[in-house]
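To convert, take the position in the sequence shown, counting from 1, and add 874; that gives the working numbering.
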Amino acid sequence: MLKSLFVANYALIDQVEIDFCKGFSVITGETGAGKSIILGALSLVLGQRSDVSVLKNKDKKSVIEAEFNIANYGFEQLFEHEDVDYYEDTTIRREVLPSGKSRAFVNDTPVNLTFLKSISQQLIDVHSQHQNLLLGESHFQLNVVDTVAGNEKLITAYKKNYQAYKKLLQEKKQLEAQNEKLKDDVEYMEFQFSQIDELKLEADEQVELEKERELLSHSEEIKRNLFLVVQSLNEEPSPVLNSLKEVVKNLEKVSSFLSEGEEWCNRANSAFLEIEDLVQEVEAKMEGVEHDPSRLEFINSRLDQIYSLQRKHKVEDVRGLIEIKERLEKKLNQVSSFDEHLNKIEKNIEKATEDLNKSAGRLTTSRDKVLSKIETIIVGQLVELGMPNARLIVDNKKVSEFSENGVDDINFLFSANKTGELSAIPKVASGGEMSRVMLCIKSLLSHSKGLPTIIFDEIDTGVSGVVADKMGSIMKEISGNIQVISITHLPQIAVKGAHHYKVYKTDSKSDTHTSIEKLTKELRITEVAKMLSGSNLTDAALTNAKELLGEIV
């Protein structure tokens, strides 16, 4: 429920603050006084986009703040998810800055417009004249039927099945397209795979082969130099090992006489052992190095094959070739197992179709049950609204393919005359007739939807007299379930409100200002009288206003 509205520096408004009440409230004012400005300001806190043109004073920001009672509307989890403090009396604020940027806050926490819209759509239904055009839209008509039928859970279940069904269809389409593309390349992929597979590559093979090739290519040079090393250390007329052995002996003889002698002796002995070990390793390596032209030829040939494939596939090592082989193998397996995968998906689609048919059937049955109820209630109210020959048929034509909303094609077919052809409402109804039909639909929805507030913006356009009086009664009846605010220019409707607000405009030497006030009983009588007689206020108009307001005992 809308509890209050504060507007500052918006259009013709310097600053206004107004409290709203439960039940039925009316807002009146002369044409051009600014009733639409109040609604425009409210639309900003409901998430509509803004621009700098709304600023009255271009050097200051505009602030619009609305307080709502949101108790029992299940917003707790949504607020928690957005990290917004939850209060039963929640404040929504929009600020439009001189730069043209805007900011939104819920309980002083900054929020984006998406979040703002997600909550405002569940708080207020603003019905303006252009919304009558919705009467011709299939989505709106279907929503009316689903709301009256209470199909929320059935729709959720259907959409879950529908999304699963669509996902499977997409998977099948992708699989078929992928297979078609792969089929064109299968021979070439098999050739590429065979080229790599035939080599039976191992991950570190290339590095090892390159090392071995290097060894074999220089085997004679290596063996010759290693022989010279061994000879120098162990076979020369004066080998290094023998010399080191003599050094050790000589140091041992004097070690007891010198403080450094034992250390020198140990170092010399270590050097001897290290060189001795080196000689053994070099000799072993020298014996193992063999000149093997056939092995070298084999290695060169295999490396040439590896290098050729690396250049072809633009990779740097054997691991890259192995990865390509694995990818090719995976693609070839996809082609060979296509029928198996396709069969599995088609079975899943068959099961999903069966589930979807059941969900769609339950939805259709539920919708069909309320069609005659909708027709009866709306036609009954239209008769009371001065349309004794009104006819309405809610037609449901089943479609052959699943849609996001089921297999039902709902159409509201209308005629205001006995013999008129039933057709889409916007095609055959006048503006006043469309307003009355929409009011009846809103009345019907108010019993089912549980929306806290509905605002009618001159829904009474094109009607007057007894019809206007009945429209006012219907709005008053709706207000028994929800808060109703009607912006009206008709006294017959204005007197039905439990609360009456007036929007008025004042002029100064340099500026024009729009304000709004809640009327006292006395001021309300005067306002209704003006609505009846115009600016020339008469005693008869005042008396009539009192009678309409029930003020005369």
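Glycine residues also receive a C-beta, built at the ideal position from the N, C-alpha and C atoms.
These numbers come from a predicted model, not from an experiment.
In this model, Val928 and Glu950 are separated by some 33 Å (Cα to Cα). Segment contact: the stretch 884 to 899 against the stretch 907 to 926, three or more CB-CB distances shorter than 8 Å; contact assigned. Using a 10 angstroms sphere on the CB of Glu1332, the tally of other CB atoms reaches 16 or more, which defines it as buried.
Counting along the chain, the unbroken beta strand (DSSP E) around Asp1269 starts and ends at 1265 to 1277. The continuous stretches of alpha helix (DSSP H) do not include Thr1362, and DSSP gives it neither H nor E. With respect to the C-alpha of Ser1002, the residue from Ile1359, Thr983, Glu1258, Phe942 having the closest C-alpha is Ile1359.
Ranked by Cα distance from Met1345, the first of Thr1388, Leu1206, Leu1313 is Leu1313. In the DSSP annotation of this structure, Asn931 is not part of any alpha helix (DSSP H), being labelled neither H nor E.
Nearest C-alpha to Ser1338 among Ala1403, Lys1395, Leu1259: Leu1259. Among the bridge pairs identified by DSSP, Gly1280 is matched with Ser1277.
8 Å or more divides the Cβ of Lys1027 from the Cβ of Phe942. Glu1278 has its alpha-carbon roughly 37 Å from the corresponding atom of Phe898. Beta-bridge partners of Phe1065 (DSSP): none assigned. If the five residues before and after Asn1025 are omitted, its C-beta is found closer than 6 Å to the C-beta atoms of Ser1240, all from its own chain and listed in chain order. No residue range can be given for Tyr960, since it is assigned to no beta strand (DSSP E) and is classified by DSSP as neither H nor E.
In the DSSP secondary-structure assignment, Gln1357 is bridged to Thr1327. Contact annotation: Phe953 and Arg967 have beta-carbon atoms that are not nearer than 8 Å.
The residue among His1363, Glu1148, Ser924, Pro972 with its C-alpha nearest the C-alpha of Lys932 is Pro972. Under the DSSP definition of a beta bridge, His1374 partners with Val900. Apart from sequence neighbours up to five positions away, the residues of its chain that approach Ile1180 with a beta-carbon distance below 6 Å are Gln1080, ordered along the chain. The alpha-carbon of Asn1017 is positioned some 46 Å away from that of Asp1385. Spanning the alpha carbons of Pro1300 and Lys1271 requires a straight line of approximately 20 Å.
Taken through DSSP and simplified to helix, strand or coil, Ala1298 comes out as strand.
DSSP links Thr965 through a beta bridge to Glu941. Here DSSP, grouped into helix, strand and coil, assigns Gln922 to coil. Contact annotation: the stretch 1262 to 1270 touches the stretch 1235 to 1251, with at least three C-beta pairs closer than 8 Å.
The stretch 1376 to 1395 makes contact with the stretch 901 to 911; the number of CB pairs closer than 8 Å reaches 3 or more. When secondary structure is reduced to three states using DSSP, Gln889 falls in the strand class.
Taking 8 Å as the cut-off, the beta carbon of Glu969 is found closer than this to the beta carbon of Lys935. Close CB contacts of Thr905 within its chain, under the 8 Å cut and outside five residues either way in sequence, are with His1363 (chain order).
Pairing Leu1230 with Arg1265 gives a Cβ-Cβ distance that is not under 8 Å. Counting C-beta pairs with one atom in each stretch, the stretch 1095 to 1109 and the stretch 1149 to 1162 have three or more that are closer than 8 Å, which means they touch. In the three-state scheme derived from DSSP, where H, G and I count as helix and E and B as strand, Thr983 is classed as strand. In the three-state DSSP reduction, Ala1023 falls in the helix class (H, G or I).
For the 8 Å CB-CB criterion, Val1302 and Ile1252 do not form a contact. In the DSSP assignment, His1387 falls within the unbroken beta strand (DSSP E) covering 1386 to 1392.
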